Each structure stands twice: as structure tokens, then as C-alpha cells.
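Numbering (our numbering), first residue to last: 106 to 167. Encoded as C-alpha cells, the structure appears first; notes follow it.
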């Protein structure tokens, strides 16, 4: 995160909200979306790295 986070407090000084730069907020959203994709794809079958590289080469992508 780039700038220090600022807090909004109540009458007792308890933190109730956070103010952060938009860039930091957008980065947090991006990270959250990435984690959601990982969770959705958790049960998908996997293939060995060597097989993956071979398929990329076969398809002219590597």
C-alpha cells in the first residue's frame, strides 16, 4: 500500500471505518477477485508442467 491508511473513529476513539487511496482500494479488489477465481477453480483437474509446456509448444504458443 502506498500511503498511510487513515481511520475514522467514533466518540470513544474506536475505529469505525478506513480511508485509503483509490489505487490501494483497486489493488485490494483485484486481489479479492483473484482469490475468488482460485476458489472457483480449486476442483479443476491439473496436468503436469511438462505436459502443459509440450501442449503450448505444439500449439505454437511457446
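A virtual CB, placed ideally from N, CA and C, is assigned to each residue, including glycine. Here the structure is a predicted model, which is why all the values come from computation and not from measurement.
Query: Per DSSP, which one or two residues make a beta bridge with residue 120?; Result: 114
Query: Scan the segment 125-166 and note each continuous alpha helix (DSSP H) run of 4 residues or more that stays entirely inside, going in chain order.; Result: 127-145, 154-163
Query: Taking only the alpha-carbon atoms, compute the straight-line gap between residue 127 and residue 108 and give it to the nearest angstrom.; Result: 10 Å
Query: I'd like the list of long-range same chain contacts for residue 111, defined as Cβ closer than 6 Å, with 5 residues on each side in sequence excluded.; Result: 124
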